[in-house]
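Engineer: Oh and the sequence shown: position 44 is 800 in the numbering used here, straight run, nothing missing. Where a beta carbon is used, it is the ideal one built from N, C-alpha and C, also for glycine. Note that the structure is predicted; figures quoted are calculated from it, not measured. My questions all concern the structure below.
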Amino acid sequence: PAHWVVREAMRHRPVVWMVGRRVPHSTEFGGIPFQPGEILSVCPYLLHHDKHLWTNPDAFQPQRWAQPGGHGPYLPFSAGPFTCAGASVAHTLITEAVTALTSDARLTITGGDTCPLVTNAIIPRPFTLHRTTKPQPRSTI
C-alpha cells in the first residue's frame, strides 16, 4: 500500500536532520545527565538507521509497516507536543500523490546518489523519475 511506501520513505530519508528541545527538568538520557535548560538533540536519520532499533535499517522495506509495532522509533516530523502541525496533512498529501502517480503506472529512478545531502534538511541528490504507464487490457467486443 502507498501509505507503507510513504512511511518507509520518511523513515529512510526523514526531511528533518536534527530535532532539539530544551530539557524542562533534571534528567538522564542514555546515561548522560542533563540539567534544566540544556538542549537535547536527536537526529531522526541516525535514529531511523540504528541497527539496535530497526531490522535491516539501511534497506528500503515498506512491508515493515504491515504490523503495528514491527518497527523502531519513528520521528520524521518530530514527536509529542512538538510534532509538526502539518504532519498528518503532509503524510496524506504525499500518500495521495503516490497513489495517483502509480495507479496505472510503474515508477523507476535513474541517476542520483543513495547517500543523502545533509544541509538544514536532508535532500536527495539529483535524480530522474520515470513513469511508465501499464498497458491497458484490450477490449474483446
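With a 10 Å radius around its C-beta and 16 neighbouring C-beta atoms as the bar for buried, classify ARG778 as buried or exposed.
Structural biologist: exposed
Engineer: Where does HIS886 fall in DSSP's three states?
Structural biologist: strand
Engineer: What are the start and end residues of the alpha helix (DSSP H) that includes VAL762?
Structural biologist: 758 to 768
Engineer: Mind checking GLU784: buried by the 16 CB within 10 Å criterion, or exposed?
Structural biologist: exposed
Engineer: What did DSSP end up calling VAL779 once you bin it into helix, strand or coil?
Structural biologist: In the structure shown, the three-state DSSP call for VAL779 is coil.
Engineer: HIS827: buried (16+ other C-beta within 10 angstroms of its C-beta) or exposed?
Structural biologist: Note on HIS827: 16 or more other CB atoms within 10 angstroms of its CB, so buried under the neighbour-count rule.
Engineer: From ALA856 to PRO780, what does the alpha carbon distance come to, in whole angstroms?
Structural biologist: 44 Å
Engineer: Would the stretch 763 to 775 and the stretch 793 to 813 be scored as touching if the rule is three or more Cβ pairs under 8 Å?
Structural biologist: They touch, by the three-pair rule.
Engineer: Does the distance from the CB of GLN817 to the CB of GLU852 come in under 8 Å?
Structural biologist: no
Engineer: Under a three-way DSSP split, which group does THR866 fall into?
Structural biologist: Here THR866 sits in strand by DSSP.
Engineer: Please name the residue in LEU831, ASP806, THR870, GLN819 whose C-alpha comes closest to that of PRO757.
Structural biologist: GLN819
Engineer: Using only alpha-carbon positions, find the residue among VAL854, HIS804, HIS808 that is nearest to ARG767.
Structural biologist: HIS804
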